[in-house]
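> Numbering (this note's numbering), first residue to last: 29 to 339. Pasting a structure here, questions to come.
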Amino acid sequence: MVSIQEFKQELNQAIIGREKEFDFMLIALLQEGHVLLESVPGSGKTMMAKSFASAFKGEFRRIQFTPDVLPSDVTGIRYFNPQTQDFVLKAGPVSTNILLADEINRATPRTQSSLLESMEEKQVTIDGETIKLPTPFMVIATQNPIESQQGTFPLPAAQLDRFLFKLNIGYPSMEEEQQILRQYGNNPGEITTSSVIGPDDVELWATEASNVTVHEDIEHYILKIVRATREHPFIELGLSSRAALAILRAAKAHAYISGRSFATPDDVKAIIEPAALHRMELSTEGMLTKELDDVLEAIISSIPAPIEAAI
Numbered sequence: 029m030v031s032i033q034e035f036k037q038e039l040n041q042a043i044i045g046r047e048k049e050f051d052f053m054l055i056a057l058l059q060e061g062h063v064l065l066e067s068v069p070g071s072g073k074t075m076m077a078k079s080f081a082s083a084f085k086g087e088f089r090r091i092q093f094t095p096d097v098l099p100s101d102v103t104g105i106r107y108f109n110p111q112t113q114d115f116v117l118k119a120g121p122v123s124t125n126i127l128l129a130d131e132i133n134r135a136t137p138r139t140q141s142s143l144l145e146s147m148e149e150k151q152v153t154i155d156g157e158t159i160k161l162p163t164p165f166m167v168i169a170t171q172n173p174i175e176s177q178q179g180t181f182p183l184p185a186a187q188l189d190r191f192l193f194k195l196n197i198g199y200p201s202m203e204e205e206q207q208i209l210r211q212y213g214n215n216p217g218e219i220t221t222s223s224v225i226g227p228d229d230v231e232l233w234a235t236e237a238s239n240v241t242v243h244e245d246i247e248h249y250i251l252k253i254v255r256a257t258r259e260h261p262f263i264e265l266g267l268s269s270r271a272a273l274a275i276l277r278a279a280k281a282h283a284y285i286s287g288r289s290f291a292t293p294d295d296v297k298a299i300i301e302p303a304a305l306h307r308m309e310l311s312t313e314g315m316l317t318k319e320l321d322d323v324l325e326a327i328i329s330s331i332p333a334p335i336e337a338a339i
């Protein structure tokens with residue numbers, strides 16, 4: 029059986045300088061969550077998603093979103109077969125293990141909403157018939173920054189809340205970028221990874237991650253942060269109970285992939301920004317003076333972390 033470290037090594041040798049992002053994607057896979065990747069064109073979002081999926085021995089599908097993509101292009105359709113004189117159900121690309129929703133903010137709101145049921149309930153409904161999706165099921169969506177694109181449709185709060193993480197992909201360091209030039213400068217082809225884990229591995233890891241111990245003090249620490257976002261004068265939309273659950277689950281998985289059977293405050297701090305920022309909105313007063321990540325960082329700094337947590 030492949031270890032988590034071997035899986036991470038396979039990913040990190042394919043895409044340079046994205047170790048932290050791959051960790052978050054692995055956490056999402058273990059917790060049946062979804063990931064939204066945002067960055068400027070050419071930063072490797074799509075390649076990251078494809079590399080992650082190719083290291084998994086499951087089914088992978090991709091949707092390239094444009095304004096003319098219909099909801100049925102995502103979920104599937106029921107059509108009449110004249111040869112059999114019967115209606116046939118044709119599943120859409122959402123019926124897969126890992127779905128790459130490329131440039132999701134180019135899809136219309138109606139098409140974006142067609143993903144809601146599948147992301148939350150792991151099922152789709154076509155003409156009144158409910159179809160369970162494969163296990164595991166994970167959506168990796170990409171988008172370019174809204175302000176840099178014309179003809180895009182910002183994801184609504186309800187859709188953003190379905191993502192466990194939103195990762196803002198920055199530029200690599202100069203050393204990493206030089207390594208990219210040396211490694212791929214003469215090889216313009218696809219970056220490939222070997223399929224090293226399957227659904228059984230993910231199921232086992234997910235079970236073990238769910239058994240990570242979380243002390244009551246860690247739960248209180250998470251709740252204090254969540255409740256502080258609801259009361260802050262610069263925040264219009266604070267974190268919900270669903271967000272608190274997401275932070276807890278992500279912290280447990282972070283502890284697990286770090287080789288521990290118990291969660292610490294550092295696990296919470298490691299995942300809270302990508303798990304929380306996309307679920308929050310600044311107030312009018314806050315938008316005039318603050319950045320959202322600065323406000324969240326100030327909240328975290330103002331709440332003492334538990335010094336000890338029983339294992």
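Each residue gets a CB set at the ideal place from its N, CA and C atoms; glycine is no exception.
(1) Tell me the DSSP secondary structure of K36 in three-state form.
(2) Using the Cβ count rule (16 or more neighbours within 10 Å means buried), how would you classify V63?
(3) Drop a sphere of 10 angstroms on the beta-carbon of Q140, count the other beta-carbons inside from all chains shown, and report buried for 16 or more, exposed for fewer.
(4) Cβ atoms of G86 and I126: under 9 Å apart, would you say?
(5) Out of R255, I208, Y199, P227, which has the shortest C-alpha to C-alpha gap to E49?
(6) Here's a check: name, in chain order, each residue in its chain whose Cβ is nearer than 8 Å to the Cβ of E38, leaving out the five neighbours to either side.
(7) Under three-state DSSP, which class holds I43?
(8) Between L267 and R258, how many whole angstroms is the CB-CB distance? I'm expecting something under 8 Å.
(9) Looking only at C-alpha atoms, which of P110, P302, P261 sits nearest to A278?
(10) In this structure, how does DSSP classify P166 when only helix, strand and coil are distinguished?
(11) Pick helix, strand or coil for I328, following the three-state DSSP scheme.
(12) F193: which of N40, A56, P173 sits nearest, CA to CA?
(13) Just to confirm, is the Cβ distance from I197 to K73 under 9 Å?
(14) According to DSSP, V116 sits in a beta bridge with which residue or residues?
(15) Rounding to the nearest angstrom, what Cα-Cα distance links I253 and M166 in this structure?
(16) What is the DSSP secondary structure of I132, counted as helix, strand or coil?
(17) Out of curiosity, what's the CA-to-CA distance linking F191 and V230?
(18) Report the rounded CA-to-CA distance for E34 versus L54, giving the unit in angstroms.
(19) Would a C-beta distance cut-off of 9 Å place V97 and I91 closer than the cut-off?
(20) Which same chain residues end up closer than 7 Å to A256 when comparing Cβ atoms and leaving out the 5 residues on each side of it in sequence?
(21) Kindly indicate which three-state DSSP category E66 falls into: helix, strand or coil?
(22) Only counting the same chain, and skipping five residues up and downstream in sequence, which positions put a Cβ closer than 7 Å to that of F262?
(23) Check whether the Cβ atoms of T241 and S289 sit closer than 9 Å, and answer yes or no.
(24) Using CA atoms only, rank isn't needed, just tell me which of E203, D295, E204, I208 is closest to K237.
(25) CB-CB under 7 Å to E47, same chain, minus the five flanking residues each way: which ones, in chain order?
(26) Three-state secondary structure (DSSP) at V152?
(27) In three-state terms, what does DSSP make of V30?
(28) Return the chain-ordered list of same chain residues with a C-beta closer than 6 Å to the C-beta of A338, the five sequence neighbours on each side being excluded.
(29) By alpha-carbon positions, which one of S100, V102, D101, L117 ends up nearest to F108?
(30) Specify, as a first and last residue, the run of the beta strand (DSSP E) that K194 falls within.
(31) Do you know how far the Cα of I168 is from the Cα of R212?
In short, the structure shows the following:
(1) Residue state for K36 is assigned as helix, using DSSP reduced to three classes.
(2) buried
(3) buried
(4) yes
(5) Y199
(6) A83, T221, S222, V224
(7) coil
(8) 7 Å
(9) The candidate whose alpha carbon is nearest that of A278 is P302.
(10) According to the sequence as given, residue 166 is Met; it is not Pro. Strand.
(11) helix
(12) A56
(13) yes
(14) V116 has Y107 as its beta-bridge partners, per DSSP.
(15) Spanning the two alpha carbons is a distance of roughly 27 Å.
(16) In the three-state reduction of the DSSP assignment, I132 falls in the helix class, which pools H, G and I.
(17) Looking at the two C-alpha atoms, the distance is approximately 19 Å.
(18) 13 Å
(19) yes
(20) I327, I331
(21) strand
(22) L310, S311, E313, G314, K318, V323
(23) yes
(24) Correcting the residue identity first, residue 237 is Ala in this sequence and not Lys. The option with the nearest alpha carbon to A237 is D295.
(25) Only N40 meet the Cβ criterion.
(26) Three-state result, V152: strand.
(27) coil
(28) The predicted model places A338 with a pLDDT of 45, which falls under 50 and marks its position as unreliable, so this point remains unresolved.
(29) L117
(30) Looking at the DSSP string, the run of the beta strand (DSSP E) that includes K194 is 193-196.
(31) First, the amino acid is wrong: residue 212 is Tyr here, not Arg. C-alpha separation (whole angstroms): 25 Å.
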